[in-house]
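Everything on this sheet refers to the single structure shown next.
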Ligand code: AMP
Ligand code: TRP
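In this note's numbering, the protein residues as written are 5 to 338.
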C-alpha cells in the first residue's frame, strides 16, 4: 500500500472551502492508502498568533477532522512527534537560504505581516516553514502528498531536499514524493464571489462546516448572485459558486434540474438558494451530530490521538535513526 501524507494548520474554524477543497478528499484516500494526517501546530506558530488559542484550536481541529470522517488512528499532532523538528534541523543544512527567500508563500505572508502589524515581525520560522514541511513529508517516506496549487512549490522544495540529501549521502534513501492532484472545487466567498472562501477575509467570507442550520440558511440566502458586471453569455461567479456548493454537497439531481432551468432562462435565484442551503444542511447535520458525540466525552478522543501520535512516532523515530547514521551524527541509544 502506498503512503499518503498531508497536514493542516490549527488556525480556527473549518470552512466549506477547506472541507470540499481538501479534507473530503483526505477522507476518501483512507480507503486506498496508508494515510498520515498531521495537525501541524508548529506551523501555526509561524505567523503572529494568540498563545492561549493554539491548544484549543488544535483539539478543535482534531475533533472537526474526526467528525467529518478522518480515522483517529491516521491522525497525529506535530508537536507530539518531536522527530519532525529534529529532521527539520538536519534538512536546514540541505536547503539553501536563497531557495527559501524565493518561496512565493513566504513573500505573500511576510507582506501580510507587514500590512497587518503595527511593528513588523517576520519570524525565521516563517522563512523556514517549508523545511519543516519537508520533514513532515519525508519522515514517513510518503509516496503522495495531496496538495492544492498553493503548496506545489513547497513540494518541489521537498523533492529538492530529498535529492540533495541522497546525493550527499551517496544513497537513494528518500523517495521523491509526488503531488496528488484531485479535481476539487474552488469555493468562493458567498458575500463576495470574486474572492475565494477564506477565514482571513473576515467572518462573512466563510461558512463554518459546523455552523447551525439557521446560520447556513442565512448565509446562503444573502449570497451575492449577480454583481452586474458578468459578460453576457457567461454565468455569474456567485451563481456558479452556489451550483458548485450544491454539487459538492451531493445533490446532483437538484443541481442538474436547476442548471437546466438556468439554460432555458427560467431559473429563480430563490430556488437555487433554497436547494443549496438544503443540500448543505443535509450534509453537515451528520457532522454536527458526530461532533457533539465526540465532545460529550472529550477524554476518549484525546486518548486516541495521544496513542495514534505515539504509534506514528515510532515510524518517525526509525527514519530519524537511519538519517542520523547516514549524515554522520552519533547514534547511540539512551
Ligand atoms: P488554509 O488553512 O486556508 O490554507 O486551507 C487549507 C487547505 O484547504 C488548502 O490547502 C486548500 O487545499 C483548501 N482550501 C482552502 N480554502 C479553499 C477554498 N476556498 N476552496 C477550495 N479549497 C480550499
Ligand atoms: N503548509 C501547509 C499549509 O499551510 C500545511 C502543511 C504542513 C502540509 N506540513 C505539510 C501540507 C505537509 C502537506 C504536507 O496548508
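Note that beta-carbon positions come from the ideal geometry of N, C-alpha and C, so glycine has one too.
Assuming contact is defined by CB atoms lying nearer than 8 Å, are residue i and residue j in contact in what I supplied?
{"i": "residue 31", "j": "residue 74", "result": "yes"}
{"i": "residue 313", "j": "residue 91", "result": "no"}
{"i": "residue 60", "j": "residue 43", "result": "no"}
{"i": "residue 145", "j": "residue 178", "result": "yes"}
{"i": "residue 291", "j": "residue 172", "result": "no"}
{"i": "residue 283", "j": "residue 253", "result": "yes"}
{"i": "residue 333", "j": "residue 280", "result": "no"}
Kindly indicate the opening and closing residues of the alpha helix (DSSP H) around residue i.
{"i": "residue 248", "result": "241-252"}
{"i": "residue 224", "result": "217-225"}
{"i": "residue 42", "result": "Premise fails: residue 42 lies in the beta strand (DSSP E), 38-43, not in any alpha helix (DSSP H)."}
{"i": "residue 95", "result": "87-96"}
I need the straight-line Cα distance from residue i to residue j, nearest angstrom please.
{"i": "residue 325", "j": "residue 136", "result": "18 Å"}
{"i": "residue 181", "j": "residue 321", "result": "19 Å"}
{"i": "residue 337", "j": "residue 300", "result": "42 Å"}
{"i": "residue 296", "j": "residue 47", "result": "28 Å"}
{"i": "residue 81", "j": "residue 138", "result": "16 Å"}
{"i": "residue 237", "j": "residue 269", "result": "11 Å"}
{"i": "residue 233", "j": "residue 198", "result": "11 Å"}
{"i": "residue 257", "j": "residue 287", "result": "15 Å"}
{"i": "residue 262", "j": "residue 276", "result": "7 Å"}
{"i": "residue 310", "j": "residue 65", "result": "14 Å"}
{"i": "residue 175", "j": "residue 5", "result": "23 Å"}
{"i": "residue 154", "j": "residue 11", "result": "13 Å"}
{"i": "residue 4", "j": "residue 255", "result": "As displayed, the chain neither begins before 5 nor continues past 338, which places residue 4 out of reach and without an answer."}
Can you give me the Cβ contacts of residue i inside the same chain, cut-off strictly under 7 Å, excluding the 5 residues immediately before and after it?
{"i": "residue 134", "result": "104, 107, 158 and 161"}
{"i": "residue 298", "result": "67, 70, 71 and 305"}
{"i": "residue 94", "result": "327 and 331"}
{"i": "residue 319", "result": "144"}
{"i": "residue 16", "result": "61 and 203"}
Using 8 Å for Cβ pairs, my map puts residue i next to residue j. What's the rounded Cβ distance?
{"i": "residue 242", "j": "residue 228", "result": "5 Å"}
{"i": "residue 79", "j": "residue 249", "result": "About 27 Å; that fails the 8 Å criterion."}
{"i": "residue 113", "j": "residue 51", "result": "6 Å"}
Taking the beta strand (DSSP E) that residue i belongs to, which residues open and close that run?
{"i": "residue 312", "result": "Element bounds for residue 312: not the beta strand (DSSP E) but the alpha helix (DSSP H), 302-331."}
{"i": "residue 11", "result": "7-12"}
{"i": "residue 79", "result": "79-81"}
If I measure Cβ to Cβ from residue i and keep anything under 6 Å in the same chain, skipping five residues before and after, which residues do I get?
{"i": "residue 126", "result": "114 and 117"}
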